[in-house]
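S.K.: The following block contains the structure, expressed as structure tokens.
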Amino acid sequence: MADKHRDPFIVFGAPEIRGEELAEVEDVLRSGWLGTGPRVAQFETDFSKYKGVDADRVAAVNSCTAGLHVSMIAAGLGPGDEVLTTAMTFCATANAIIHAGATPVPVDIDPVTQNIDIGLIRERITERTRAIVPVHFAGRPCDMDAIMALAKEYDLTVIEDCAHAIETQWKGQAAGTFGEFGCFSFYVTKNITTGEGGMVIAKSEADIERIKILALHGMTKDAWHRFGDEGYKHYQVVEAGFKYNMMDLQAALGIHQLRRIETSWLRREQIWNQYQQAFGHLPIERPADADSHMRHAYHLYTIRVDREQAGICRDEFIDAMSRSGIGVGVHYLNLASHPHYQQRFGWRPGDFPIAQETGDRTVSLPLSSKLTDDEVERVIRTTERVLRG
Ligand SMILES: Cc1ncc(COP(=O)(O)O)c(C=O)c1O
């Protein structure tokens, strides 16, 4: 039974939508063109500029999952191939590998950074390993020097899962521009949102051309070009593709979200630092601070709640927060704790002890740029109260 609380519930990861987005969406709705068209093209150009890459090296899609899937196909991955990734990620990372026909091979995480443990990668490499999918967890970059060196040594394709990492940099270089592919998410809770949506950056223009074809049924010309004012054009199907295209209706949000990306990042950084300071005396583990050679995207603020230390377990903490009107999240359970993967690949939670321990204790507090100062205060006060019993 929920406690009565006067303040409205703080929805975890609520997006900040402003008048610009509302006006642009209305324009799209009135324009008669809701599907993939000029706004998607503009969003791609804007995103490429933001990431410092050529416009013909990006492709908008309808989710990061879709982006990962078509990147795997463009990378030539398929049955018999093994793809390394982290045990601490959203199921979409593993599922995209599976849908490409390849086999995901999880690697345990570093307890401090919560990113893939670089020291363990080598022992998971076999003669079938073809690729590695590092995930910049919570917006903190993986050690891309080490990953790119291993990729070179073992001739592996690198597909960066940048779902949390739009603003992330490693030693001044943007996340998603190290590997052959970088895939971004604009899901509702992400740093910028299009409702659902994603973007792929590829090293090669040819890969982006293929991804654009794969993302729209395998057709040579997209619908915008077919029905535009330059006259009808026939298309040809050159392979069996997918329905992964982004709509102008979605891009209308993204264009304005992207313009405010720095302001939103600064606000999340401020909230992140407030939490770090406020929680120093609590019996929990806080996330590691960013190091000077990186830019953290501050996508998630994750704490670890351990019964031995805190007197309550993570799930009791979640219940108490929810009853007090604060929505929280769990990012993530160990991949190997899900029944499908256990049955399919024989993974056991104990194979990845750090991911397992972290997955049992981790909880993410609200970190949206939409949070008001009062709401941040409420999160802090409620966290303190719940943990002090
Ligand atoms: C690490 C990671 N990878 C991939 C995805 C999939 O993103 P999308 O929802 O845009 O498909 C997510 C989404 O939460 C994620 O957190």
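For the sequence shown, position 190 (counting from the first letter as 1) is numbered 181 according to my numbering, and the numbering increases by one without interruption. Beta carbons are placed, not taken as given, at the ideal position from N, Cα and C, and that holds for glycine.
Just to confirm, are residue 274 and residue 301 a CB contact at a threshold of 8 Å?
M.R.: Closer than 8 Å, so yes.
S.K.: Extract the residue ranges of the alpha helix (DSSP H) inside the stretch 120 to 190, only unbroken runs of 4 or more that lie entirely within it.
M.R.: Counting whole runs of 4 or more residues, the stretch 120 to 190 contains the alpha helix (DSSP H) stretches 135 to 145.
S.K.: When the distance is taken between beta carbons, is residue 192 closer than 8 Å to residue 168?
M.R.: Against a cut-off of 8 Å, the Cβ pair of residue 192 and residue 168 comes out as a contact.
S.K.: Please tell me whether residue 109 and residue 91 are closer than 8 Å, where the distance is taken between their beta carbons.
M.R.: Not in contact: residue 109 and residue 91 (Cβ atoms no closer than 8 Å).
S.K.: Hey, quick one: how far does the beta strand (DSSP E) through residue 352 stretch, first residue to last?
M.R.: Careful: residue 352 lies outside any beta strand (DSSP E), inside the alpha helix (DSSP H) at 344 to 352.
S.K.: Given that a residue counts as buried once 16 or more other Cβ atoms are within 10 Å of its Cβ, and exposed if not, what is residue 272?
M.R.: Exposed, since its Cβ has fewer than 16 Cβ neighbours within 10 Å.
S.K.: So what does residue 76 bridge to, in DSSP terms?
M.R.: Looking at the DSSP assignment, residue 76 forms a beta bridge with 97 and 124.
S.K.: For the beta strand (DSSP E) that contains residue 295, what are its first and last residues?
M.R.: 292 to 295 is the extent of the beta strand (DSSP E) around residue 295.
S.K.: So, are the CB atoms of residue 67 and residue 239 less than 8 Å apart?
M.R.: Taking 8 Å as the Cβ cut-off, residue 67 and residue 239 do not qualify as a contacting pair.
S.K.: Do residue 174 and residue 62 have their beta-carbon atoms positioned less than 8 Å apart in this structure?
M.R.: A contact, by the Cβ cut-off of 8 Å.
S.K.: If you count every other CB in all the chains shown that lies within 10 Å of the CB of residue 93, and 16 or more means buried, which is it?
M.R.: Per the 10 Å Cβ criterion, buried.
S.K.: Report back the beta-carbon spacing between residue 265 and residue 367 to the nearest angstrom; my notes put them in contact at under 8 Å.
M.R.: About 6 Å separates the two Cβ atoms, so the contact holds.
S.K.: Counting pairs of Cβ atoms below 8 Å between the stretch 252 to 261 and the stretch 321 to 328, do you hit three or more?
M.R.: Too few Cβ pairs lie closer than 8 Å, so no.
S.K.: Are the beta-carbon atoms belonging to residue 5 and residue 359 less than 8 Å from one another?
M.R.: For residue 5 and residue 359, yes; Cβs fall inside 8 Å.
S.K.: Nearer than 7 Å: is that true of the beta carbon of residue 320 relative to any heavy atom of ligand 1?
M.R.: Checking the Cβ of residue 320 against ligand 1 gives no.
S.K.: Taking Cβ positions only, does residue 362 come closer than 8 Å to chain D?
M.R.: Given the protein chain composition of this structure (a single chain), no chain D is represented.
S.K.: With a threshold of 7 Å (Cβ to nearest heavy atom), would residue 98 be considered close to ligand 1?
M.R.: No, the beta carbon of residue 98 sits no closer than 7 Å to any heavy atom of ligand 1.
S.K.: Suppose contacts are defined by Cβ-Cβ distances below 8 Å. Is residue 71 in contact with residue 119 by that definition?
M.R.: Going by C-beta atoms, residue 71 is nearer than 8 Å to residue 119.
S.K.: When you compare only the Cα positions, how much space is there between residue 184 and residue 236?
M.R.: Roughly 16 Å between the two C-alpha positions.
S.K.: Does ligand 1 have a heavy atom nearer than 7 Å to the CB of residue 81?
M.R.: Yes, since a heavy atom of ligand 1 falls inside the 7 Å radius drawn around the Cβ of residue 81.
S.K.: Quick check on this structure: which residue in 60, 140, 263 and 8 has the alpha carbon closest to the alpha carbon of residue 371?
M.R.: The candidate whose alpha carbon is nearest that of residue 371 is 263.
S.K.: When you measure from the CB of residue 126 to every non-hydrogen atom of ligand 1, does any distance come out below 7 Å?
M.R.: Result yes, Cβ under 7 Å from ligand 1.
S.K.: Could you spell out where the beta strand (DSSP E) holding residue 14 opens and where it closes?
M.R.: Here residue 14 belongs to no beta strand (DSSP E); instead the alpha helix (DSSP H) covers 10 to 22.
S.K.: Take residue 327 as the anchor and find which of 282, 350, 369 and 0 has the nearest alpha-carbon.
M.R.: Among 282, 350, 369 and 0, the Cα nearest to that of residue 327 is on 350.
S.K.: On the criterion of 16 or more Cβ atoms from any shown chain inside 10 Å, does residue -8 qualify as buried, or is it exposed?
M.R.: Any answer about residue -8 is weak, because its pLDDT of 42 lies below 50 and its placement is not dependable; what the coordinates show is given next. Counting Cβ neighbours within 10 Å, residue -8 comes out exposed, since fewer than 16 surround it.
S.K.: Roughly how many angstroms separate the alpha carbons of residue 1 and residue 291, rounded to a whole number?
M.R.: For residue 1 and residue 291, the distance between alpha carbons rounds to 15 Å.
S.K.: What residue range is occupied by the uninterrupted beta strand (DSSP E) comprising residue 229?
M.R.: Looking at the DSSP string, residue 229 is not in any beta strand (DSSP E), and its letter there is neither H nor E.
S.K.: Just tell me which of 244, 154, 339 and 341 has its CA closest to the CA of residue 289.
M.R.: Closest option to residue 289, Cα to Cα, is 154.
S.K.: Determine the contact status of residue 369 and residue -2, defining contact as a CB-CB distance below 8 Å.
M.R.: Closer than 8 Å, so yes.
S.K.: Taking C-beta to C-beta, are residue 19 and residue 243 nearer than 8 Å?
M.R.: Yes.
S.K.: Which residue from 353, 190, 166 and 165 puts its Cα closest to that of residue 177?
M.R.: Out of 353, 190, 166 and 165, 190 has the C-alpha closest to the C-alpha of residue 177.
S.K.: Identify whether residue 271 lies in helix, strand or coil by the three-state DSSP scheme.
M.R.: If DSSP states are grouped into helix, strand and coil, residue 271 belongs with coil.
S.K.: Is the beta carbon of residue 334 sitting closer than 8 Å to the one on residue 340?
M.R.: The answer is no: Cβ separation not under 8 Å.
S.K.: In or out: residue 363 buried (at least 16 other Cβ within 10 Å) or exposed?
M.R.: Under this definition residue 363 is an exposed residue.
S.K.: Express the C-alpha separation of residue 211 and residue 225 in angstroms, rounding to a whole number.
M.R.: Rounded to the nearest angstrom, the two C-alpha atoms are 9 Å apart.
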